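For reference, the structure discussed in these notes is given below.
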Ligand SMILES: Cc1cc2nc3c(=O)[nH]c(=O)nc-3n(C[C@H](O)[C@H](O)[C@H](O)COP(=O)(O)OP(=O)(O)OC[C@H]3O[C@@H](n4cnc5c(N)ncnc54)[C@H](O)[C@@H]3O)c2cc1C
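In the numbering used here, the protein residues as written are 82 to 303.
Spelled out as structure tokens, the structure:
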């Protein structure tokens, strides 16, 4: 365990040794993920929406159409729970019971505020673009006024939120038990997100080469 839980709410009960509560671990898991599941309550009950996000310092940004339900609801400073899970592998045990997954995940409880300052909104747009593909911001047309007006940017300050990280690594848990004597294959099947070959869009003007951002990602993987 690294760090101490900020509150009872984020203290891991099951597998508590897998818990981490320090800010560096929270940042690391957020920076390894691409999709956040953002949960909140609306008038009809619980809702959980997958969204892109970006972290800048202690701030987690999300963005969306000003008309979307998630944005409308979260703009009211409603309580939110943001989770990001990075699946690392399948853990295959001899018994059905001990099957598991290797992963790192973060769960953040907090509230979003609407970002109004023009500079911060533009910086957040840049962060979203760079989060998706490092180096992309300098290759694309920046958002215009119409696009900026149509998009809400919300910020959640980790310093004012409660967060926990849970990490599982390693082999199945039955190596030390009686099942180790069984004839069933056991181990870990690592799992990774990979990129395929770039597919140019249909109306791409001829002669435009792959940009450095995409080349780097495809060739170097980051
Ligand atoms: C990888 C990924 C990244 C995304 N990034 C963003 C983002 O950065 N910003 C953003 O605003 N949106 C993002 N979306 C879309 C987002 O998940 C919602 O679809 C969107 O916010 C819906 O807005 P709405 O107000 O039109 O619909 P809502 O009123 O929220 O939804 C109406 C109904 O549509 C259905 N629905 C809505 N979204 C989904 C979904 N994703 N999957 C299945 N059913 C759904 C549900 O039944 C829901 O009750 C992303 C989706 C994915 C999968």
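Virtual Cβ for every residue (Gly too), placed ideally from N, Cα, C.
As the structure is a prediction and not an experimental result, all values here were calculated from the model.
Item	Value
May I have the straight-line CA-CA distance separating residue 236 from residue 256, to the nearest angstrom?	45 Å
Taking the alpha carbon of residue 252 as the point to measure from, which residue in 175, 87 and 158 has its own alpha carbon closest?	175
Taking just the CA atoms, how far does residue 110 sit from residue 168?	11 Å
At what residue ranges does the segment 218-298 contain a whole run of the beta strand (DSSP E), taking only runs of 3 or more?	232-238, 243-249 and 268-271
Quick check on residue 157: does DSSP put it in helix, strand or coil?	coil
Nearest CA to the CA of residue 190: which residue from 154, 286 and 91?	91
Which word fits residue 246, buried or exposed, when buried means at least 16 other C-beta atoms lie within 10 angstroms of its C-beta?	buried
Jot down the residue ranges of each uninterrupted alpha helix (DSSP H) in the segment 122-184, minimum 4 residues, whole runs only, in chain order.	150-155
Which one or two residues does DSSP pair with residue 116 in a beta bridge?	133
Tell me where the alpha helix (DSSP H) around residue 201 begins and ends.	199-213
For residue 280 and chain C, any beta-carbon pair shorter than 8 Å?	Absent here is chain C; the protein component of the structure consists of one chain.
If you draw a straight line from the alpha carbon of residue 126 to that of residue 137, how long is it in whole angstroms?	31 Å
Select from 83, 161 and 117 the residue whose C-alpha is nearest the C-alpha of residue 106.	83
To which residues of the same chain is residue 149 closer than 6 Å at the C-beta, ignoring the five residues directly before and after it?	none
What is the C-beta distance between residue 159 and residue 115, in whole angstroms, given that I count them as a contact (C-beta under 8 Å)?	So it is not a contact: roughly 24 Å between Cβ atoms.
Taking 7 Å as the cut-off, is the C-beta of residue 150 nearer than that to any heavy atom in ligand 1?	yes
When you compare each of 265, 297 and 146 to residue 278 by their alpha carbons, which one comes out closest?	297
Cβ-heavy atom distance between residue 130 and ligand 1 below 7 Å?	yes
Just how far apart, CA to CA, sit residue 178 and residue 146?	43 Å
If contacts are defined as beta-carbon pairs under 8 Å, then residue 232 and residue 144 qualify, I think. What distance do you get, rounded to the angstrom?	6 Å
Thinking residue 188 and residue 135 are a contact (beta carbons under 8 Å), I'd like their distance in whole angstroms, please.	Contact doesn't hold; Cβ gap of about 18 Å is too wide.
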